[in-house]
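What follows is a short report on a single structure.
Chains as they are written, first to last, in this note's numbering: chain A, 2 to 109; chain B, 5 to 116.
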């Protein structure tokens with residue numbers, strides 16, 4: 002089967018670092034994406050991992066371990082505008098499976 | 005650069021009425037196209053995807069249908085809306101050579 006698990010909600014403080022974990026159980030793996038979605042808006046692409054390891058893009062980094070079926074999104078120097086849902090997305094063949102998302106609340 | 009359009013942005017329709025949502029992509033050829041639905045506070049559910057004109061794959065059996073009359077046009081339809089069809093409908097595209105998808109602005113549908 003295909004299943005993606007990520008926490009429902011997280012809260013962090015402005016300026017801090019937060020790690021959002023994602024585990025997946027599936028087959029035919031092609032890649033693991035992270036998207037950001039602000040309330041009422043469409044998702045926007047953040048990162049893509051196809052090989053094991055860490056991909057860094059400015060304040061955002063994403064890690065993948067294919068053998069463990071595990072990924073995380075790391076957000077540094079949190080800003081208030083980072084308050085949003087973060088979607089863990091698996092791709093395999095023609096399939097794209099979205100996790101339910103983690104709602105991140107950034108407080109002052 | 006590539007652009008994806010969706011309309012209308014919001015829609016309120018009575019139960020039993022028909023539906024037609026349109027999505028068009030500019031700046032690319034032969035994109036893979038997707039329709040998703042997102043219920044309030046929930047994840048995205050893939051409804052249909054298309055790899056070419058006239059080629060539609062359905063992921064979830066329901067009272068919705070999709071068509072792709074032109075290379076960069078994707079239409080989501082229903083003959084009779086149900087209350088459960090309410091949600092945020094998102095169209096997305098990706099180039100055949102990559103995996104990342106780009107989303108349109110979405111249509112918020114409320115069935116009353």
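The beta carbon of each residue, even a glycine, is placed where N, CA and C say it ideally should be.
Because the structure is a prediction, the values reported are computed rather than measured.
Alpha-carbon spacing of residue i relative to residue j, whole angstroms
i: residue 13 of chain A; j: residue 41 of chain A; result: 22 Å
i: residue 115 of chain B; j: residue 104 of chain A; result: 26 Å
i: residue 38 of chain B; j: residue 20 of chain A; result: 29 Å
i: residue 54 of chain B; j: residue 64 of chain B; result: 14 Å
i: residue 88 of chain B; j: residue 44 of chain B; result: 11 Å
i: residue 28 of chain A; j: residue 98 of chain A; result: 12 Å
i: residue 112 of chain B; j: residue 13 of chain B; result: 6 Å
i: residue 67 of chain A; j: residue 50 of chain A; result: 10 Å
i: residue 81 of chain A; j: residue 109 of chain A; result: 7 Å
i: residue 79 of chain B; j: residue 8 of chain B; result: 13 Å
Same chain only: Cβ atoms within 6 Å of residue i, ignoring 5 sequence neighbours per side
i: residue 77 of chain B; result: 28
i: residue 105 of chain B; result: 96, 98
i: residue 8 of chain A; result: 103
i: residue 94 of chain B; result: 40, 107, 110
Cβ shell of residue i (< 8 Å), same chain only, five flanking positions each side left out
i: residue 20 of chain B; result: 84, 85
i: residue 34 of chain B; result: 56, 75, 100
i: residue 81 of chain B; result: 22, 23, 24, 25, 68, 69, 70, 71
Coil, strand or helix - residue i by DSSP
i: residue 84 of chain A; result: coil
i: residue 85 of chain B; result: coil
i: residue 70 of chain B; result: strand
Residue i and residue j closer than 8 Å at C-beta
i: residue 42 of chain B; j: residue 100 of chain B; result: no
i: residue 22 of chain A; j: residue 73 of chain A; result: yes
i: residue 43 of chain A; j: residue 31 of chain B; result: no
i: residue 1 of chain A; j: residue 70 of chain A; result: What is shown of chain A runs 2 to 109, which leaves residue 1 of chain A out entirely.
i: residue 55 of chain A; j: residue 62 of chain A; result: yes
i: residue 92 of chain A; j: residue 16 of chain A; result: no
i: residue 76 of chain A; j: residue 18 of chain A; result: yes
Just list the alpha helix (DSSP H) runs in the stretch 11-46 of chain A, keeping only unbroken ones of 4 residues or longer that don't cross its boundaries, in chain order. none
Can you give, in chain order, each stretch of the beta strand (DSSP E) that sits fully within the stretch 14-57 of chain B and has at least 3 residues? 14-17, 23-30, 36-42, 48-56
Anything in the stretch 14-38 of chain A with a Cβ closer than 7 Å to a Cβ of chain D? List those residues in chain order, please. In the structure shown, chain D does not exist; the protein chains are A and B.
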